[in-house]
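These notes are about the structure you will find just below.
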Amino acid sequence: MAKAIARRSPSVEPQPIKRDPTLFEQRLHKVCSAIPKGKVSTYGALAIALKSSPRAVGQALRRNPYAPKVPCHRVVAHDLKIGGFSGTWDPQSGRVNRKKALLESEGVRFVGDKIADDCVADPDILAAAC
DNA sequence: GCCATGGCTAGTA
DNA sequence: GCCATGGCTAGTA
76 MAKAIARRSP SVEPQPIKRD PTLFEQRLHK VCSAIPKGKV STYGALAIAL
126 KSSPRAVGQA LRRNPYAPKV PCHRVVAHDL KIGGFSGTWD PQSGRVNRKK
176 ALLESEGVRF VGDKIADDCV ADPDILAAAC
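Position in the first sequence (from 1) plus 75 gives the number in this note's numbering.
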């Protein structure tokens, strides 16, 4: 497990991007904003809605310059673990803790280190947002 | 050639 | 732990 985390860490604070959002980023932000408050979705689910790949979704969210306008904190890993935030995947980091606090303040519930199943947004909502 | 993914093996115990 | 995948950036020419 420590290795799984190490694989995704350490990460450096992402550079804010200066260019205009690409078409892909605009579509991603739109779908992301469709996740209701109190719910979460996954990188994989967004990728399906966008007909893209989970990796591309994660990469784009990593550099999301529109937080918190675009609620990228509502996107978590497929196994319903918290996932990354503000450039890092390390669950010990204050950044990931902030993501958790944000979600809890919106009504998302955790069971251990995972999000409760019934807090996952309906994939149809995402598809409809494209 | 990088990644905030995810799915799949291989190798250990 | 490997690697397919897709979108992007950096660095070269």
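Heads up, the beta-carbon is just placed ideally off N, CA and C, and yes, glycines get one too.
Residue burial is scored here from C-beta neighbours: Thr117 has at least 16 other C-beta atoms within 10 angstroms and is therefore classed as buried. As DSSP reads the structure, Phe99 sits in no beta bridge.
DSSP places Leu121 in the uninterrupted alpha helix (DSSP H) bounded by 118-125.
Closest in C-alpha terms to Gly113, from the list Ala122, Leu178, Ala152, comes Leu178.
Each residue's CA atom was taken as its position, placing Gly158 and Thr97 some 24 Å apart.
Here the alpha carbon of Ala203 sits roughly 10 Å from the alpha carbon of Lys105.
Ranked by Cα distance from Lys93, the options Lys144, Ile110, Arg102, Arg138 are led by Arg138. Judged by their CB atoms, Asp188 and Lys144 are not nearer to each other than the 7 Å cut-off. In the displayed model, Val186 falls within a strand according to three-state DSSP. Shown here, Val132 sits in a helix according to DSSP, grouped into three states.
For Lys105, the secondary structure class from DSSP, reduced to helix, strand or coil, is helix. Taking a C-beta distance under 7 Å as the contact criterion, Val151 and Val186 do not qualify as a contact pair.
Leaving aside the five residues that flank Cys205 on each side, the residues in its chain whose CB is nearer than 8 Å to its CB run, in chain order, Arg102, Lys105, Val106, Ala124, Leu125.
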